[in-house]
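Below is one structure, written out as structure tokens, with a few remarks after it.
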Amino acid sequence: DAGVIQSPRHEVTEMGQEVTLRCKPISGHNSLFWYRQTMMRGLELLIYFNNNVPIDDSGMPEDRFSAKMPNASFSTLKIQPSEPRDSAVYFCASSLDRGNEQFFGPGTRLTVL
Amino acid sequence: KNEVEQSPQNLTAQEGEFITINCSYSVGISALHWLQQHPGGGIVSLFMLSSGKKKHGRLIATINIQEKHSSLHITASHPRDSAVYICAVSRGAQKLVFGQGTRLTINP
């Protein structure tokens, strides 16, 4: 298995632009997580899905952030409009069933100028 | 006070030394996770445990539920063990709460 796939790996954009991050979970996994990592705050959960349904989005910083999971093999995290403080590494992870080990993607390093 | 506290924040040791990283948490949990993040940035799950001890190669993880404490041990440490080690806890559902990480450097 290829593991969790994220794209792009690096994204540099200007303030105000829309940014879309993509994630393909491991085939057969039914839970998907979006995390953000910054130097100041470390790793934080933004949102997670179970069977394509958002379960907990309390970590989504504000309305500029939205996430979707239209099917079991694809999820997006969108930031519109982006701001410099959104600069971070965004990780996607997936797991099989509740409470099991999570497998992380390689991350997307986002820089908003 | 953070829900998950790790110590030390930074640790430098010589190759071959026995390493211990500690994690304390303040709430009831369903499981505790140890993750490894290499300088390249990738995150790998090392252990998930809810009681007792687990061992994988030179890595050992223990947890004491009553004391709300876990330790990660590395025996015969090697420079390739240099990484950030992150403790995280989950409660009921799958939401993970992370410690701030311990940066480990093993010198040859």
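First to last, the protein sequences are chains A and B. Residues in the first sequence are numbered from 11 upward in steps of one, following the working numbering. Residues in the second sequence are numbered from 84 upward in steps of one, following the working numbering. Just so it is clear, CB atoms sit at the ideal spot from N, CA and C, and this is done for glycine as well.
DSSP, reduced to helix, strand and coil, places D66 of chain A within a strand of the structure shown. Residue environment analysis places L123 of chain A among the exposed positions, since fewer than 16 neighbouring C-beta atoms fall within 10 angstroms of its C-beta. With a threshold of 16 other beta carbon atoms within 10 Å, F101 of chain B falls short and is exposed. Selection B:P191, B:H139 and B:T185 evaluated against C106 of chain B yields B:T185 as nearest (Cα-Cα).
By the Cβ criterion, the segment 146-154 of chain B is not in contact with the segment 86-96 of chain B, since fewer than three pairs of Cβ atoms, one from each stretch, lie closer than 8 Å. Taking the beta carbon of E111 of chain A as reference, the chain B residues within 9 Å of it are H116, S128, F130 and M131, listed in sequence order. Listed in chain order, the beta strand (DSSP E) elements of length 3 or more contained wholly in the segment 35-86 of chain A are 41-48, 52-60, 63-66 and 75-81. Across the segment 130-159 of chain B, CB contacts with chain A closer than 8 Å involve M131, in sequence order along the chain. Interface with chain A (7 Å Cβ-Cβ cutoff): Q183 of chain B is included. Closer than 7 Å to the CB of G124 of chain B there is at least one CB belonging to chain A.
Taking all protein chains in view, the Cβ of M25 of chain A is surrounded by fewer than 16 other Cβ atoms within 10 Å, so the residue is classified as exposed.
The beta carbon of D66 of chain A falls within 7 Å of a beta carbon belonging to chain B, placing the residue at that interface. For G52 of chain A, at least one C-beta of chain B is nearer than 7 Å to its own C-beta. By the Cβ neighbour-count rule, H161 of chain B is exposed, with fewer than 16 other Cβ atoms within 10 Å of its own. Taking 7 Å as the threshold, the shortest C-beta distance from L31 of chain A to chain B does not fall below it.
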